[in-house]
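Peer 1: First the structure, which I've put down as structure tokens, then a few questions once you've had a look.
Residue numbers (our numbering), protein chains in the order written: chain A, 952 to 1299; chain B, 952 to 1299; chain C, 952 to 1299; chain D, 952 to 1299.
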């Protein structure tokens, strides 16, 4: 029996990584002005500008629901449509938050190829209706990495953003696992965002090593107009802002944001390699980020549960394992062994 | 010159108190399930039930804007009116958040006596219009302690809640500084909330020693129906919930919630006593919680600013000093001395 | 070439029927109090109570978008889900109105059988998720007659409402063409609404002979609580209410509501019978109300367009013809002849 | 005893004027395409462009609540503030509609001079706060004529619009009685709207002789972007649009819009002149449009009520009499006589 078998159920089961924690503790060493007038918030904002090699506008909010919903609300009006994949988190797991924050914008789902939106599918949907009785498409939202652990290449994002420019649509990126995508592609954040036409990026912190917090990054200043008011009104302005911003500073300045993502990706890749060739266990999706989706007989999954492993099966019945900055390689190995063993037990 | 002269500008300039921090660090010792399925969240909820001596429903949200706005939205519909004091925070400093969360409920302000709402003023407003062209009054919101540092007695709250029952109104308490009020009145939390008819209390954490977080406490289970969904949709459900809940556990189990409040109150009281009898400096309001509002000649305030003290003058031109759990009594004494000195310099 | 070939494009191309117009003119004979305090509004309300054989609550609003959206908003909160058919008007043709009025409730679409929702499909959807990350199902909305001209039998509605009771869901009926359904089934309005468990019915006026206006009818008084305020706030309270209510009076008291519906149904039935047996033209759906959906070769449709007929092809490419109270049987015959002729020309 | 003594309670007690009715009946002579694709809607739009001597954008909506609320929502975001007079209809009599349509914009009331907003009062309010905790002022809304029957001169509107330009605010005019103001000032509509800097005008129809309907007129095309979608989503797109637009055509083409307004103004002026010099009855406000507000002893008002006159006393206790297009001069005279008589009876 392993010590922490539950830890791969989600990449938000992990705690706060040491670099983020150290920065938070440092920020706690004395009193400081509120609402972002403290020294850490300005430095964290600048750290994002350095990371993205551009004078972007940065807003720190509490969680991903708010980050994505506020960003989408800033990009459209209530009578607009937001195009995304049918399995996008904003469609399936936010309890109507984008609709709430935007006061009624409708999410329009397009079919995906390899779990990713394509320009063809977006264009077909965006141009399917032109009448006033249906929300006017205004924004495209893509998730990087996707809910199923796929990664959009730079060219794929570029192709989508060019279509968006042509159709007058704005491009939002849900980057709850943006760091993992950068790690996968070995790509500078700028190259995977504004340089390929992303208008607004929600950079995920919780899944990257923070205790809480996401950053909304606008690459177009006009789109960020009055966004601070929007955050305040929506209950997303922290009074003791430094406890939201300083951890980001720790994550960015130390390079932990990338190390953490690489580690998670490596664990996923490692697991996937160790279970190759099993007769009745297979990968539902190629492993491109920090997720492994296993197709396996119910009996195999039962054995794993009995051994204490915890995982979700909400997407097509596959068992999902997620790896965060704190995934213990020894435990990943143990999981791999248990899968191999359970699979072989089936065959005999 | 003092070491940290800026610290009395607001009680949200303070950091995280040791008891809250210790609990957060303890919660960070390992990975844990998300969205409140961790051990700390359940314990923190129970700690509130113990503190309030009743089976209340407890929800942990990120900040006071959200706590009050979500609670008010749960108590009314968009076409209802919310009665509060003209200087209530929900009216003056939330950038329209209650209107946003409730989708358009209107805040109706009533005149106050000693900075507090009275049954007479509430009744006059609640019964002034009965036609369909004006939002139907549905909720009364009182702030305990008030923005001006006053405290409602148990009898005062009771009188208001009895009126509310009579008129079919619900009673919400903005308790950003509820702990300070309990400390002032030396009163059990239950005696200052549900036992005197409060339906929903927003218990402030940030001003009581947390880094962030407030608790929404429903004493009537029916009013809490589906409130978890409401929090989720509004971007107020933390994925790593333990980092929001564990600090509450530290605050409540250790008794720090009350010690912190008492300390802030004591500092305010201390300052007010040390500056008594000055010819041109006086208290704008009696000191009942952790705030001191000074009426003083502009020249006196200028001298204080020159000496490095930081304070707001947004309410009637008075200088506001707020004292949190970390206020250093020696620094409070230094402030008192500077005030006395500045005042005397004026006279000569 | 026919005189008014365009008239079957939609059943809202028709004008105001004589009975409704006469009542409106009568109401215009003198000045009268506003906001429903006039004599006609009370009488029209009572006429609905008589028609439905129960003490229902009746609200007159301007159009179907508002009627359905306000009713749905009254039945749920922003974090709830509304179950309906994928081709329901509230999903496909209201530009996000239900989401707007409810401040973010999510429409959840279920598969249909013969264009109609089934208890099995509703139950599968309503019980598919139980977590807080997805809107909690709260309302079922059915359309009677459906967008494709189908009619729910009393037993079918009953089966759905019994499921709703069991699952704690409320039942809304979009009755834009409710009168047509009553005519089809030769059924008293009560028997097709509250007696089979409908909570709220939106009774369509525009498609039944009015110039504008729909009635929202609550059979459960509790659900109608403060609905007048909701209408007012949402811009749906007419100041000169009599011009909205009196036409209803004319429609109901004269029995025109039913005659109009029967006439439309008869024309649709007539057309469908006259084109039976054509080799390449067929009905996409059985004709149960006032709509005829034709599957025909593009060349046939082109011929019809050339002859001046106007119709939509938005549902599966079929040509839709709709018949209102004013459909001229001679023109319907002419249309039938043109279809037959165009079809035969194809074959040769 | 008079025949229709109740008719001066409000200017929305009047029926549909002959010119509007004739146009509606003409539009009812045959079937026509829906949603504004009919011939009348285009002509009515053009009639507005002719009237305003500019290529404005025109939208026909059902009532004033919707017209003003939709226009304001188009001019601001949820976190913005709308500056208006404390007695503005959008503040006092719309049940929170502007807040609902805008999803939470806050109405900020400024003191008035002679019942009208002044640049000084607007500027003081607009610049009183610059922090993120308070809605950012974005729109000024003025009512022409005002609720108290006052009229802004062209210079007064100009001065306000110049301030708006300087502060980056947009200018909305609630023109429920815009026609009356044009009549008072003998001023072309253009001279009282876009030529003096009004961005959006809501031109009132119900009080000008229609049965229902208001027109939202944008003088800046950019501000009207996607406004049709906004109307649709908010339940303000009539399917049989011609019955909303044709009456406008009748009103505008015949010149009735101005005749009706002049008649109402004349009646008010006439009444005010006939009661001059009474010892205990006086005008609360100068009579500049179609309203007369009388200050009189309660006993006098009681006598009037006894004689069957109906009026409101909601503004400062004064008795309000409103005169519409259908006010019968003989009945106005009778009212004047009754007032004179009741007043003299008091003195003796």
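Glycine is no exception: its CB is placed at the ideal position from the N, C-alpha and C atoms.
According to a CB-to-CB cut-off of less than 7 Å, which residues of the stretch 1050–1062 of chain D neighbour chain B?
Peer 2: Cβ contacts with chain B: 1050, 1051, 1054, 1055, 1056 and 1057.
Peer 1: Where residue 953 of chain C and residue 1255 of chain C are concerned, what is the direct C-alpha to C-alpha distance, given to the nearest angstrom?
Peer 2: Numbered from its first residue, the third chain carries residue 953 of chain C at position 2. Numbered from its first residue, the third chain carries residue 1255 of chain C at position 304. At residue 953 of chain C, the pLDDT of 45 sits below 50, so the modelled position is not reliable; the number obtained from the coordinates is stated separately. About 12 Å.
Peer 1: What is the rounded straight-line gap between the Cα of residue 998 of chain A and the Cα of residue 1184 of chain C?
Peer 2: Position 47 of the first chain, counted from the first residue, corresponds to residue 998 of chain A. Position 233 of the third chain, counted from the first residue, corresponds to residue 1184 of chain C. Near 46 Å, if we compare the C-alpha coordinates of residue 1184 of chain C and residue 998 of chain A.
Peer 1: Can you pull the chain C neighbours of residue 1086 of chain A, defined as C-beta to C-beta under 7 Å?
Peer 2: Looking up residue 1086 of chain A in the first chain gives position 135. Simply 1046 and 1047.
Peer 1: Keeping to the same chain, check which residues put their C-beta closer than 6 Å to that of residue 961 of chain B; ignore five residues upstream and five downstream.
Peer 2: Position 10 of the second chain, counted from the first residue, corresponds to residue 961 of chain B. Excluding sequence neighbours, residue 961 of chain B sits near 1273.
Peer 1: My output table needs one value for residue 1235 of chain C: the three-state DSSP class, helix, strand or coil.
Peer 2: The count along the third chain starts at 1 and reaches residue 1235 of chain C at position 284. In the structure shown, residue 1235 of chain C sits in coil (DSSP, three-state: anything other than H, G, I, E or B).
Peer 1: Can you find a CB in chain D that lies within less than 7 Å of the CB of residue 1024 of chain C?
Peer 2: Taking the third chain and counting its residues from 1, the one referred to as residue 1024 of chain C is at position 73. It does not; no Cβ of chain D falls within 7 Å.
Peer 1: Kindly list, in the order they appear in chain C, the residues whose Cβ is closer than 7 Å to that of residue 1028 of chain D.
Peer 2: One-based indexing of the fourth chain puts residue 1028 of chain D at position 77. None at all; the shortest Cβ gap to chain C is about 15 Å.
Peer 1: Below 9 Å on C-beta distance, what does residue 992 of chain D contact in chain C?
Peer 2: Residue mapping note: residue 992 of chain D aligns to position 41 of the fourth chain, counting from 1. Under the 9 Å cutoff, chain C gives no residues; its nearest Cβ is about 13 Å from residue 992 of chain D.
Peer 1: How should residue 1079 of chain A be labelled, buried or exposed, when 16 other C-beta atoms within 10 angstroms of its C-beta is the threshold for buried?
Peer 2: One-based indexing of the first chain puts residue 1079 of chain A at position 128. Exposed: under 16 other Cβ atoms inside 10 Å.
Peer 1: Taking residue 1187 of chain B as the query, report the chain A residues whose CB atoms sit under 7 Å from its CB, ordered along the chain.
Peer 2: Position 236 of the second chain, counted from the first residue, corresponds to residue 1187 of chain B. Going along chain A in sequence order, the residues near residue 1187 of chain B (Cβ under 7 Å) are 1186.
Peer 1: Using CA coordinates, which residue listed in A/1067, A/1082, A/1107 and A/1294 is at the minimum distance from residue 1099 of chain A?
Peer 2: By 1-based counting over the first chain, the position of residue 1099 of chain A is 148. It is A/1067 whose Cα lies nearest to the Cα of residue 1099 of chain A.
Peer 1: Between the stretch 1132–1140 of chain B and the stretch 1212–1231 of chain B, are three or more C-beta pairs nearer than 8 Å?
Peer 2: In short, these stretches touch, since the Cβ pair count reaches three.
Peer 1: Mapping the DSSP letters down to three states, classify residue 1225 of chain D as helix, strand or coil.
Peer 2: Stepping through the fourth chain from its first residue, residue 1225 of chain D is reached at position 274. Correct three-state label for residue 1225 of chain D: helix.
Peer 1: Taking the DSSP output, what are the residues bridged to residue 1123 of chain C?
Peer 2: Working through the third chain from its first residue, we reach residue 1123 of chain C at position 172. Partner(s): C/1092 and C/1151.
Peer 1: For the alpha helix (DSSP H) that contains residue 1035 of chain B, what are its first and last residues?
Peer 2: For this step, residue 1035 of chain B is matched to residue 84 along the second chain. Where residue 1035 of chain B is concerned, there is no enclosing alpha helix (DSSP H), although the beta strand (DSSP E) it sits in stretches over 1031–1036.
Peer 1: Compute the beta-carbon to beta-carbon distance between residue 913 of chain C and residue 1014 of chain C, rounded to the nearest angstrom, for a pair I have assumed lies under 8 Å.
Peer 2: What the structure shows of chain C is the stretch from 952 to 1299, and residue 913 of chain C is not part of that stretch, so it cannot be assessed.
Peer 1: With residue 978 of chain B and residue 1194 of chain B assumed to form a contact (beta carbons below 8 Å), what rounded beta-carbon distance in angstroms separates them?
Peer 2: If you number the second chain from 1, residue 978 of chain B lands on position 27. If you number the second chain from 1, residue 1194 of chain B lands on position 243. 6 Å between Cβ atoms; contact.
Peer 1: Please confirm whether residue 1168 of chain C has its beta-carbon closer than 7 Å to some beta-carbon of chain D.
Peer 2: Your numbering for residue 1168 of chain C matches position 217 in the third chain. Not closer than 7 Å to any Cβ of chain D, the Cβ of residue 1168 of chain C fails to qualify, so no.
Peer 1: At a cut of 8 Å, does the stretch 1257–1265 of chain B reach the stretch 1188–1206 of chain B through at least three beta carbon pairs?
Peer 2: Result no; under three Cβ-Cβ pairs closer than 8 Å.
Peer 1: With the cut-off set at 7 Å, would you say residue 1105 of chain C and residue 1147 of chain C are in Cβ contact?
Peer 2: Counted from its first residue, the third chain places residue 1105 of chain C at position 154. Counted from its first residue, the third chain places residue 1147 of chain C at position 196. Yes. Within cutoff.
Peer 1: State the DSSP-derived secondary structure class of residue 1008 of chain B, mapped to helix, strand or coil.
Peer 2: Looking up residue 1008 of chain B in the second chain gives position 57. Reduced to three states, the DSSP call for residue 1008 of chain B is strand.
Peer 1: Can you name, in chain order, every residue of its own chain whose Cβ lies under 6 Å from the Cβ of residue 1189 of chain A, other than the five neighbours on each side?
Peer 2: Indexing the first chain from 1 puts residue 1189 of chain A at position 238. Counting only Cβ-Cβ distances below 6 Å, and skipping sequence neighbours, we find 1195.
Peer 1: What are the residues that DSSP puts in a beta bridge with residue 1204 of chain A?
Peer 2: Walking along the first chain from the start, residue 1204 of chain A turns up at place 253. In DSSP, residue 1204 of chain A forms no bridge with anything.
Peer 1: Within the 7 Å Cβ cut-off, does residue 1032 of chain C reach chain B?
Peer 2: Taking the third chain and counting its residues from 1, one reaches residue 1032 of chain C at position 81. Chain B contact via Cβ: absent.
Peer 1: Nearest-angstrom Cα distance between residue 967 of chain A and residue 1090 of chain C?
Peer 2: For the purposes of this step, residue 967 of chain A is taken as the residue at position 16 of the first chain. For the purposes of this step, residue 1090 of chain C is taken as the residue at position 139 of the third chain. Taking the straight line joining both Cα atoms gives about 41 Å.
Peer 1: Using only the alpha-carbon positions, how far apart do residue 1234 of chain B and residue 1205 of chain B sit?
Peer 2: Counting from one through the second chain, the residue named residue 1234 of chain B turns up at place 283. Counting from one through the second chain, the residue named residue 1205 of chain B turns up at place 254. Those two C-alpha atoms are separated by around 34 Å.
Peer 1: Looking at the structure shown, is residue 964 of chain B part of a helix, part of a strand, or coil, going by DSSP?
Peer 2: Position 13 of the second chain, counting from 1, holds the residue named residue 964 of chain B. Note: residue 964 of chain B maps to coil in three-state DSSP.
Peer 1: Could you tell me whether any Cβ in chain D is nearer than 7 Å to the Cβ of residue 1205 of chain C?
Peer 2: If you number the third chain from 1, residue 1205 of chain C lands on position 254. Chain D contact via Cβ: absent.
Peer 1: Going by the beta-carbon positions, is the gap between residue 1081 of chain D and residue 1059 of chain D smaller than 7 Å?
Peer 2: As a position in the fourth chain, residue 1081 of chain D is number 130, starting the count at 1. As a position in the fourth chain, residue 1059 of chain D is number 108, starting the count at 1. Taking 7 Å as the Cβ cut-off, residue 1081 of chain D and residue 1059 of chain D do not qualify as a contacting pair.
Peer 1: Among the residues of its own chain, which have a CB less than 7 Å from the CB of residue 1114 of chain A, if the five just before and after it don't count?
Peer 2: In the first chain, the residue the question calls residue 1114 of chain A occupies position 163. The answer, listed in chain order, is 1070, 1073 and 1074.
Peer 1: Nearest CA to the CA of residue 1173 of chain B: which residue from B/1160, B/1161 and B/1150?
Peer 2: As a working mapping, residue 1173 of chain B is identified with position 222 in the second chain. With distances taken between Cα atoms, residue 1173 of chain B lies closest to B/1150.
Peer 1: Sort out for me which residues DSSP pairs residue 1266 of chain A with in a bridge.
Peer 2: For this step, residue 1266 of chain A is matched to residue 315 along the first chain. DSSP output for residue 1266 of chain A lists no bridge partner at all.
Peer 1: Does any CB atom of chain B fall closer than 7 Å to the CB of residue 1227 of chain A?
Peer 2: Against the first chain, residue 1227 of chain A aligns to sequence position 276. No, because no Cβ of chain B sits closer than 7 Å to the Cβ of residue 1227 of chain A.
Peer 1: Establish whether the CB of residue 1073 of chain C and some CB of chain D are separated by less than 7 Å.
Peer 2: Translated into positions along the third chain, residue 1073 of chain C becomes position 122. For residue 1073 of chain C, the answer is no, since every Cβ of chain D falls outside 7 Å of its Cβ.
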